[in-house]
Amino acid sequence: MTLKENSEVDATNGMEKCRQLVKGTLTQMQKKKRRGGKAFFNRLSQPLEREKTCTNGEVETNNERSSSQIASARAKTKVVRGSRGLFYKQVNNFLYNCIQMILAAPTATEAVAMKIECAKDFLSANVEYVRLNVFTLAKFALVDQTSSLAIAKIVWLLRMVLPSNAAILREVVLSCNRVIPKRHGMLKSSNIEWANEVRSCCIFFSYLVKEMGQHNAHYNPFVRIFSELLSNLLATGAVQNISCFIEAIKNGGPVLLAKRKEDFEYMTVVLEHLALVKWKEKTIKASYDQLCALRHSWAKDIKRKKQKEIAESECHLETQRDETEEESFDQLIDSIANAAISIAEKNEL
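Whatever position you read off the sequence shown (first residue = 1), add 414 for the working numbering.
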């Protein structure tokens with residue numbers, strides 16, 4: 415039986431219906447592509463590319479397959495996103511536990527360092543999540559002074575365990591720029607909220623600079639921001655800001671004096687000027703005397719360290735000279751012995 419003989423089957427109507435269905439799916443795909451759903455467009459176009467016939471039943475099955483593939487792909491993406499969220503939470507919980515250990519016992523820094531060292535592989539595999547957590551923790555420490563020391567220690571411990579990732583320290587600078595933008599803004603004594611934020615930032619960066627000195631490291635943005643914050647506090651001339659300046663300089667003052675001596679001397683001159691102008695404020699005069707005493711003791715310590723380094727280098731050079739002299743003497747003895755052996759062999763011949 416042919417198609418012409420069967421009155422129920424019409425080839426032209428079937429082809430037109432198939433074309434309409436395919437045209438409808440293509441218009442849907444084009445709309446999705448315009449909206450930006452490229453992945454959806456690619457997944458949906460796969461069954462249509464595999465079509466070789468144009469019957470109504472096969473078009474419906476192809477549409478069903480495409481919808482099932484879309485559902486499975488969405489389920490897979492949800493699983494991937496869930497796993498990423500899980501790793502982020504694991505990193506977050508790990509760092510939170512480390513901070514709680516330091517807050518509970520400030521002497522537990524070595525235990526926390528060992529804990530971070532043991533988790534080195536896990537942290538290096540999830541560096542992006544570590545950076546995100548450091549950004550949020552630093553942003554929190556810039557506002558709350560109670561956890562500043564613990565977070566500063568965690569930041570430098572992470573930096574020492576992951577030395578190839580300097581971006582961890584960069585996240586702290588980015589968080590500072592988010593809290594206090596525009597080169598950490600010039601303070602106004604009338605703006606109480608702004609002054610509180612600058613004081614909190616100054617205390618946090620004083621701890622960061624202090625930990626930097628203890629780890630024998632150097633990161634210039636920390637020292638620069640710390641110096642700018644101290645200068646902004648002194649520029650107001652307020653008693654509360656000057657007391658915060660002294661508290662911060664006790665933490666990061668030795669490193670600032672060693673790395674940026676000119677800035678430290680400038681701050682000393684400014685504080686001396688404030689003590690002369692506001693002579694009625696006894697706290698400012700006491701702060702200046704305290705700063706001078708601290709500077710004198712820190713200068714002595716820096717001088718001792720330099721002398722010790724020079725002495726160690728000289729001892730190292732002397733030991734190298736002694737070793738070279740011993741080696742040259744041994745070589746001379748060996749050459750004399752070899753010459754004597756060669757002379758004896760010639761006499762025997």
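Just so you know, even glycine gets a beta-carbon here, dropped at the ideal spot from N, CA and C.
- Query: Considering only C-alpha positions, which residue in the set G627, L644, A631 and A753 is nearest to A580?
  - Reply: Taking the first residue of the sequence shown as 1, we reach residue 580 at position 166. Comparing Cα-Cα distances from A580 to each of G627, L644, A631 and A753, the minimum goes to A631.
- Please look up how many angstroms separate the CB atoms of C623 and V587, rounded, as I've assumed it's under 8 Å. In the sequence shown, counting from the first residue as 1, residue 623 sits at position 209. In the sequence shown, counting from the first residue as 1, residue 587 sits at position 173. First, the residue type needs correcting, since residue 623 is Val and not Cys in the sequence shown. At roughly 13 Å, the Cβ-Cβ gap does not stay under 8 Å, so V623 and V587 are not in contact.
- Under the three-state DSSP convention, the category R613 falls into: Position 199 of the sequence shown, counted from the first residue, corresponds to residue 613. R613: helix per DSSP, three-state reduction.
- Apply the 10 Å Cβ neighbour rule to A555 and answer buried if 16 or more other Cβ atoms are within range, or exposed otherwise. To locate residue 555, count along the sequence shown from 1; it is residue 141. Counting Cβ neighbours within 10 Å, A555 comes out buried, since at least 16 surround it.
- Rounded C-alpha distance that separates W712 from A672: Indexing the sequence shown from 1 puts residue 712 at position 298. Indexing the sequence shown from 1 puts residue 672 at position 258. Using only the alpha carbons, I get a separation of about 9 Å.
- Less than 9 Å separating the beta-carbons of A689 and Y680? Looking up residue 689 in the sequence shown gives position 275. Looking up residue 680 in the sequence shown gives position 266. In this structure, Y680 does not lie closer than 9 Å to A689 by Cβ.
- What span of residues does the alpha helix (DSSP H) with S589 cover, start to end? Mapped onto the sequence shown, residue 589 falls at position 175. Run containing S589: A581 to V593, per the alpha helix (DSSP H) assignment.
- Span of the alpha helix (DSSP H), counted from its first residue to its last, around P635: Locating residue 635 in the sequence shown gives position 221, where the first residue counts as 1. Per DSSP, P635 belongs to the alpha helix (DSSP H) from N634 to T650.
- Task: For the alpha helix (DSSP H) holding K534, just list the boundary residues, first then last.
- Result: If you number the sequence shown from 1, residue 534 lands on position 120. Looking at the DSSP string, the run of the alpha helix (DSSP H) that includes K534 is K534 to A539.
- By a C-beta neighbour count over all protein chains shown, 10 Å radius and 16 as the cutoff for buried, is C590 buried or exposed? Start at 1 with the first residue of the sequence shown, and residue 590 comes out as number 176. So C590 ends up on the buried side.
- Query: If K648 sits next to V684, beta carbons under 8 Å apart, how far is it from one beta carbon to the other, in whole angstroms?
  - Reply: For the purposes of this step, residue 648 is identified with residue 234 of the sequence shown, where counting begins at 1. For the purposes of this step, residue 684 is identified with residue 270 of the sequence shown, where counting begins at 1. Looking at the sequence shown, residue 648 is not Lys but Leu. Indeed, because the Cβ distance is near 5 Å, the residues count as touching under 8 Å.
- Task: Would you kindly work out how many angstroms separate the C-alpha atoms of N752 and S727, rounded to a whole number?
- Result: Your numbering for residue 752 matches position 338 in the sequence shown. Your numbering for residue 727 matches position 313 in the sequence shown. If I take the Cα positions, the gap works out to 37 Å.
- Query: Nearest-angstrom Cα distance between E524 and K699?
  - Reply: On the sequence shown, position 110 is the one that residue 524 refers to. On the sequence shown, position 285 is the one that residue 699 refers to. Roughly 39 Å between the two C-alpha positions.
- Task: Using only alpha-carbon positions, find the residue among F619, I594, Y621 and S620 that is nearest to A609.
- Result: In the sequence shown, residue 609 corresponds to position 195, counting from 1. It is I594.
- Query: Which class does T560 belong to by DSSP, given the choice of helix, strand or coil?
  - Reply: Stepping through the sequence shown from its first residue, residue 560 is reached at position 146. T560: coil per DSSP, three-state reduction.
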